[in-house]
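Chemist:
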Amino acid sequence: MIGLRLYLAQRLSAFLMAPLVIGHIATMIYAVQNGLTASEILDRTQGSLWWGAFYGLFVGAVSVHAAIGLRAIAFETLNLPVRWLNPLTWTVGMVLALLGGRAVAAVVF
Amino acid sequence: MREAAEALDVKVWRGNAHGGGYRSYSVPAQESQTVLDVVTWIQQHAEPTLTYRFACRVGMCGSCAMMVNGEPRWTCRTHVRRVLDGKRLEIAPLRNLPVIKDLATDMAEFFDKWTGAEGVFHPTATRKDAIAPISPADPMRQLANEAVECINCAVCYSACDTVTANPSYLGPAALNRAWTLQNDERDGAYAPRLRAVSADGGCFNCHSHQSCLTYCPNDLNPTASIAGLKRLSSTSFLRRGRTR
Amino acid sequence: MKAKHNRDPLRIASLIHRISGLALALFLPLHFYVLGLALNDAARLDTFLRWTDYPLVKLAEAVLVLLLSLHLFGGLRLLALEFLPWSPRQKAYAAIAAALSFFVSIGFFLSAV
Numbered sequence: 013m014i015g016l017r018l019y020l021a022q023r024l025s026a027f028l029m030a031p032l033v034i035g036h037i038a039t040m041i042y043a044v045q046n047g048l049t050a051s052e053i054l055d056r057t058q059g060s061l062w063w064g065a066f067y068g069l070f071v072g073a074v075s076v077h078a079a080i081g082l083r084a085i086a087f088e089t090l091n092l093p094v095r096w097l098n099p100l101t102w103t104v105g106m107v108l109a110l111l112g113g114r115a116v117a118a119v120v121f
Numbered sequence: 005m006r007e008a009a010e011a012l013d014v015k016v017w018r019g020n021a022h023g024g025g026y027r028s029y030s031v032p033a034q035e036s037q038t039v040l041d042v043v044t045w046i047q048q049h050a051e052p053t054l055t056y057r058f059a060c061r062v063g064m065c066g067s068c069a070m071m072v073n074g075e076p077r078w079t080c081r082t083h084v085r086r087v088l089d090g091k092r093l094e095i096a097p098l099r100n101l102p103v104i105k106d107l108a109t110d111m112a113e114f115f116d117k118w119t120g121a122e123g124v125f126h127p128t129a130t131r132k133d134a135i136a137p138i139s140p141a142d143p144m145r146q147l148a149n150e151a152v153e154c155i156n157c158a159v160c161y162s163a164c165d166t167v168t169a170n171p172s173y174l175g176p177a178a179l180n181r182a183w184t185l186q187n188d189e190r191d192g193a194y195a196p197r198l199r200a201v202s203a204d205g206g207c208f209n210c211h212s213h214q215s216c217l218t219y220c221p222n223d224l225n226p227t228a229s230i231a232g233l234k235r236l237s238s239t240s241f242l243r244r245g246r247t248r
Numbered sequence: 011m012k013a014k015h016n017r018d019p020l021r022i023a024s025l026i027h028r029i030s031g032l033a034l035a036l037f038l039p040l041h042f043y044v045l046g047l048a049l050n051d052a053a054r055l056d057t058f059l060r061w062t063d064y065p066l067v068k069l070a071e072a073v074l075v076l077l078l079s080l081h082l083f084g085g086l087r088l089l090a091l092e093f094l095p096w097s098p099r100q101k102a103y104a105a106i107a108a109a110l111s112f113f114v115s116i117g118f119f120l121s122a123v
C-alpha cells in the first residue's frame with residue numbers, strides 16, 4: 013500500500029544509496045584484507061568530515077528505504093492491517109535512524 | 005485428421021462462491037480444437053448445467069478467459085495442442101476474481117477498478133466541434149497506440165501477483181487504459197486521472213514482475229504503461245510541488 | 011499458478027530482491043549495534059571483531075556482501091525499468107545483475123581469506 017510520497021521516498025533513497033553502496037562494498041573489500049581491527053576502522057573514520065557525511069547520509073537513506081520496504085512485506089506477505097502500516101513504517105525508520113546515528117557517532121567522533 | 009477415438013483427459017472446476025472442486029470429463033480430440041470448443045463440448049454432451057462465459061469466439065470481446073493448466077488464457081483463441089500437458093487439460097475460473105458459478109467469475113471489482121483508475125474518456129469537445137486532427141506520427145498518439153488494443157479480458161489481472169497480494173491494487177488492465185488516456189490529447193481529465201492512479205492502490209504498487217505482458221493475449225505491455233504512469237506522476241509532483 | 015510461471019526469471023528476481031532486502035534490514039540493527047560499541051570503548055569493538063577472523067564468519071560476511079550486491083544491482087535494474095524508456099531485455103539485465111553480484115561477493119571473500 014504505497015502512494016506517491018512513499019514511492020518517491022523509496023526511489024530517491026535508492027538513487028542516493030546506489031553510489032554509497034558501491035563505495036561501501038569497495039571499502040569493505042579494501043579494509044578486510046588484513047583482518048578487521050577497531051583501530052584500523054577508527055583511524056580511517058575518526059574526525060573525518062568526509063566519512064561522517066558518507067555514513068550519515070547512508071544511515072538516513074537506508075532508514076527511509078528499509079522502512080518502506082518492510083511496510084510492503086508486512087502488508088503484502090504478512091497481511092498486516094492497513095491501520096498498522098504507518099506506525100510500523102515510522103517505528104522501523106526511527107529505530108534504524110537512531111541506531112545508525114549512534115553507530116556513525118561512535119566511529120566518527 | 006486425428007482418430008476420433010483419441011480422447012482428452014479434461015478436468016473442469018465446478019462450484020460456486022462457497023467452494024467446489026474438479027470433475028473429470030473425457031472429451032474427443034479434434035483437429036484445430038480450441039479450449040473453448042472443449043468447454044462447449046462438455047456443456048453440450050456431458051454437463052448441461054456447466055456455466056461459462058463467451059460471446060464472439062474470435063478474440064475480440066474478452067469474455068471467455070479462464071485458467072488453463074494453471075495459466076490465464078483467452079480460451080477461444082487458445083488451441084488445445086498448444087497447452088495440452090500430455091493428454092491432460094485442467095480448466096478453472098480466472099484467478100484473483102470471486103467465482104459466481106463454475107467457470108464464470110464476478111468481474112465487478114475488475115470493472116470498478118477500471119473506472120477507479122479513471123479509465124474513462126472525458127471528452128473536451130461537443131458534436132458541433134470539428135474532429136480533432138491527430139497525426140498518427142504524433143509521439144503521444146504512438147504511445148497510446150502501443151497500449152490501446154485491450155479487450156478487457158482480465159487475463160493480466162488474473163496473472164498479476166501484486167493483485168493477489170494486495171486486493172486494493174488497481175491492476176494492470178485499468179492502469180494500462182489510464183496510460184492510453186493520459187496520451188490522448190482530446191481527453192480532459194489528465195489531472196484527476198493522475199491523482200487516481202497515484203493514490204494508495206495505484207501504479208506505485210506495481211513490482212514489475214511482468215506477468216501481465218507475459219500473458220496478455222494481444223501482446224500489450226501493461227508493465228511499460230504502468231512505468232510510464234509512475235514517471236508522469238513523479239515528474240508532475242516534483243515539478244509542481246504538490247499533486248492535490 | 012503453475013510451476014512454469016513460478017520459474018519465471020523475473021518473478022525469481024523479484025523474490026530475490028525482497029528476500030535480500032528483508033535480510034539486510036534485519037541485519038542492520040546488529041551491524042549498527044556492533045559499531046556503536048566503539049562509542050564508549052574501542053576495546054569492546056575489538057573483542058567483537060575477533061569473531062571475524064573465523065573462516066565461517068568470513069563466509070557469512072561474503073553472503074551478506076552477496077545479498078547487498080544482489081539488492082544493489084537488482085535495484086538498479088528496477089530504477090532503469092521505471093525511469094528510462096522501456097527495454098525488452100529485462101531477463102538479460104537480471105542475469106547480468108546476478109552475475110555481477112556473485113563476482114563482487116567472491117571478490118570480497120578472496121580478499122578476506
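Chains as they are written, first to last, in our numbering: chain A, 13 to 121; chain B, 5 to 248; chain C, 11 to 123. Just so it is clear, CB atoms sit at the ideal spot from N, CA and C, and this is done for glycine as well.
1. Can you tell me the Cα-Cα spacing of Asn209 (chain B) and Gly105 (chain A), whole angstroms?
2. Among all the DSSP beta bridges, which residues are the ones paired with Pro221 (chain B)?
3. Here's a check: name, in chain order, each residue in its chain whose Cβ is nearer than 6 Å to the Cβ of Arg145 (chain B), leaving out the five neighbours to either side.
4. Quick one: using the 10 Å Cβ neighbour count with 16 as the cut-off for buried, is Gln22 (chain A) buried or exposed?
5. Please name the residue in B:Pro52, B:Gln186, B:Ala158 whose C-alpha comes closest to that of Asp116 (chain B).
6. Is the shortest distance between the beta-carbon of Arg99 (chain C) and the beta-carbons of chain B less than 8 Å?
7. Is it buried or exposed for Gln214 (chain B), if we count other Cβ within 10 angstroms and need 16 for buried?
8. Is the CB-CB distance between Ile95 (chain B) and Met70 (chain B) below 8 Å?
9. May I ask which residues mark the beginning and end of the alpha helix (DSSP H) holding Glu52 (chain A)?
10. In whole angstroms, what is the alpha-carbon distance linking Thr247 (chain B) and Gly232 (chain B)?
11. How big is the Cα-Cα spacing for Leu59 (chain C) and Leu66 (chain C)?
12. On a Cα-Cα basis, can you pick out the residue from A:Ile14, A:Trp96, A:Ser51 that is closest to Val119 (chain A)?
13. Shortest alpha-carbon distance to His211 (chain B) belongs to which of B:Ala200, B:Ala228, B:Thr53?
14. Exposed or buried, Ala109 (chain C), counting other C-beta atoms within 10 Å across all chains shown (16 or more means buried)?
15. For Arg235 (chain B), return the contacting residues in chain C, with the cut-off set at a CB-CB distance below 8 Å.
16. Give, in chain order, every residue of the segment 59-92 of chain A whose Cβ lies closer than 9 Å to some Cβ of chain D.
17. Give the straight-line distance between the Cα atoms of Ala148 (chain B) and Ala26 (chain A), rounded to the nearest whole angstrom.
18. Let me confirm a value: Val14 (chain B) is counted as buried when at least 16 other C-beta atoms fall within 10 Å, else exposed. Which label applies?
19. Which of the three DSSP states, helix, strand or coil, is assigned to Lys68 (chain C)?
20. Tell me where the beta strand (DSSP E) around Arg17 (chain C) begins and ends.
21. Where are the beta strand (DSSP E) runs, 3 residues long or more, that stay fully inside the segment 122-204 of chain B, in chain order?
22. Assign Met64 (chain B) to one of two classes, buried (16 or more other C-beta atoms within 10 Å of its C-beta) or exposed (fewer than that).
23. For the segment 77-95 of chain C and the segment 41-49 of chain C, state whether three or more C-beta atom pairs, one from each stretch, are separated by less than 8 Å.
24. In chain A, which residues lie less than 9 Å from Gly120 (chain B) when you measure between Cβ atoms?
25. Out of B:Asn222, B:Val124, B:Ala163, B:Trp118, which has the shortest C-alpha to C-alpha gap to Gly205 (chain B)?
26. Put Asp89 (chain B) into one of helix, strand or coil per three-state DSSP.
27. I'd like to know whether the C-beta of Ala169 (chain B) is nearer than 8 Å to at least one C-beta of chain A.
28. Can you list, in chain order, the residues of its chain with a C-beta nearer than 6 Å to that of Ser162 (chain B)? Leave out the 5 residues immediately preceding and following it.
29. Distance, Cα to Cα, Ser75 (chain A) vs Leu86 (chain C)?
30. Could you tell me whether the Cβ atoms of Asn61 (chain B) and Leu40 (chain B) are closer together than 8 Å?
31. Could you tell me the distance, in whole angstroms, from the CA atom of Cys164 (chain B) to the CA atom of Pro176 (chain B)?
32. Could you compute how far the alpha carbon of Ile230 (chain B) sits from the alpha carbon of Tyr194 (chain B)?
Modeler: According to the data block:
1. 20 Å
2. BP columns for Pro221 (chain B) are empty, so no partner.
3. Ile138
4. buried
5. B:Ala158
6. no
7. buried
8. yes
9. 50-57
10. Note that Thr247 (chain B) has pLDDT 44, beneath the 50 cutoff, so the model's placement of it is unreliable and no number is given.
11. 14 Å
12. A:Ser51
13. B:Ala228
14. exposed
15. Glu92, Phe93
16. The displayed structure is made up of protein chains A, B and C, and chain D is not among them.
17. 30 Å
18. buried
19. helix
20. Here Arg17 (chain C) belongs to no beta strand (DSSP E), and DSSP marks it neither H nor E.
21. none
22. exposed
23. no
24. Here the premise fails: no neighbours, minimum Cβ distance about 14 Å.
25. B:Trp118
26. strand
27. yes
28. Pro76, Leu98, Arg99, Asn100
29. 19 Å
30. It should be pointed out that residue 61 (chain B) corresponds to Arg in this sequence rather than to Asn. Against a cut-off of 8 Å, the Cβ pair of Leu40 (chain B) and Arg61 (chain B) comes out as a contact.
31. 8 Å
32. 15 Å
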